Amino acid sequence: MIRETPEGYVCTKLHYVPIVGFLCSLVAMFVPYCIAVYVGDVPAFLPFISDVGGDPPQSIIFGIFFGIMSYIGVFGMCLKYHIVKKQNVSKDPRVERINKWTLAGGMCTVLGMLLVILCPTGHMRRDGGWYWPIFVPHSVGAGLVFVVGYVIAVLHLYLQQLMDPHWKTSPLYYFRLFLTITGITAMVITVSQWPVNDISNMAPVADHGKQYPQQMLKCIVAEWVMVLVFQVYVLTYLSDFRDATLSFRVDLESRSDKKES
């Protein structure tokens, strides 16, 4: 909510930022999934998430809502950075340094998200190209999102240890710790079970929907767990954002004022 005051504009109820981001991510995943299953592009039981957003119309929803989530992510990471700056009343240099790292990492995750959106693995070029133009950029993007994203999660746990004297008895800390361990474990399983020696099984085919070998089941389940845990982790920022207020003022300097100065 934004209200105007004599000093400028004040934004409150910022806890809606992670809520909107979470809801957008759910829409981006499950609406394309339903469409892709209905038209026969993927099986109903556990397809790879990016395979559901390969072609229109589901790719439109996949791209729009993950795109919105990316913009929300930029705002949210910048807001979290300034919240930590305000909370660091002792000016601990470790907090300042790690806070800058998390902001830079957050921008990397947004870049990764854009790569995932632009290169969904369920799409194939007209010339049949898939591995280099689609799969490789998508994999780089996914790495930026989840590897860097979970590193940020670990760093935020450390920041909570540095700034919260009661972190040892904080339910939020242990919930974040549980999500982080679960997500990293799922990420390791996803990578370790990936069919590295037979990437051709990942490519879409023109004459029928996607079919997955049985040995890829662990990889697919782990990917869903990794993504869903990552989304739930976003909601743990509700308490941080609920207590925050963003104030800003817009000043315009006329050209005549510039000439006089």
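Here the sequence shown is numbered in the numbering used here, starting from 27 and rising by one per residue.
All C-beta atoms in this analysis are idealised placements derived from N, C-alpha and C, irrespective of residue type, glycine included.
Predicted model, so just to flag it, every value in this text is computed and none were measured.
- Within the same chain, Cβ atoms closer than 6 angstroms to the Cβ of V255 are found at L205, T208 and G209, the five residues on either side in sequence being excluded.
- Apart from the 5 residues on each side of it in sequence, K39 sits with its Cβ closer than 7 angstroms to the Cβ of M27 in its chain, given in chain order.
- When C-alpha distances from E30 are compared across K194, P221 and L272, the shortest belongs to L272.
- Put simply, the region 97-104 does not touch the region 66-81. Fewer than three CB pairs are less than 8 angstroms apart.
- Runs of the alpha helix (DSSP H) lying entirely within the region 235-271, each at least 4 residues long, are 243-261 and 264-268 in chain order.
- In this structure, G80 lies near H149, with their beta-carbon atoms less than 7 angstroms apart.
- Taking a cut-off of 8 angstroms for Cβ pairs, the region 208-223 and the region 59-69 do not touch, as fewer than three such pairs fall below it.
- Between R202 and T262, the C-beta gap is smaller than 7 angstroms, which places the two residues in contact.
- Separation of the CB atoms of G175 and T135 is rounded to 5 angstroms, and the pair is thereby assigned contact status at 8 angstroms.
- For R29, the pairing in a beta bridge is given by DSSP as V36.
- K112 and K106 have their C-alpha atoms roughly 10 angstroms apart.
- In the DSSP assignment, no residue is bridged to F92.
- Distance from the Cα of S116 is smallest, within the candidate group M189, P197 and V253, for M189.
- Here the alpha carbons of A248 and M242 stand approximately 10 angstroms from one another.
- Distances from the alpha-carbon of G167 to those of G132, Y200 and Q186 put G132 closest.
- If you draw a straight line from the Cα of M55 to the Cα of E279, it comes to about 45 angstroms.
- The C-alpha of C245 lies about 16 angstroms from the C-alpha of A229.
- In this structure, L137 and L181 do not form a Cβ contact; the two beta carbons are roughly 18 angstroms apart against a cut-off of 8 angstroms.
- DSSP places S273 in the strand class (E or B) of the three-state scheme.
- Put simply, the backbone Cα of Q187 is about 12 angstroms away from that of R120.
- Burial of A179 is indicated by the presence of at least 16 other C-beta atoms within 10 angstroms of its C-beta.
- CA-CA distance, A270 to N114, rounds to 14 angstroms.
- For V53 and I94, the gap between their C-alpha atoms comes out near 11 angstroms.
- No residue range can be given for N114, since it is assigned to no alpha helix (DSSP H) and is classified by DSSP as neither H nor E.
- Pairing R123 with E33, the inter-Cα distance amounts to about 32 angstroms.
- Counting the other Cβ atoms within 10 Å of the Cβ of K236 gives 16 or more, which makes it buried.
- Positions of the beta strand (DSSP E) runs, each at least 3 residues long and wholly inside the region 95-162, cannot be given because no such run exists.
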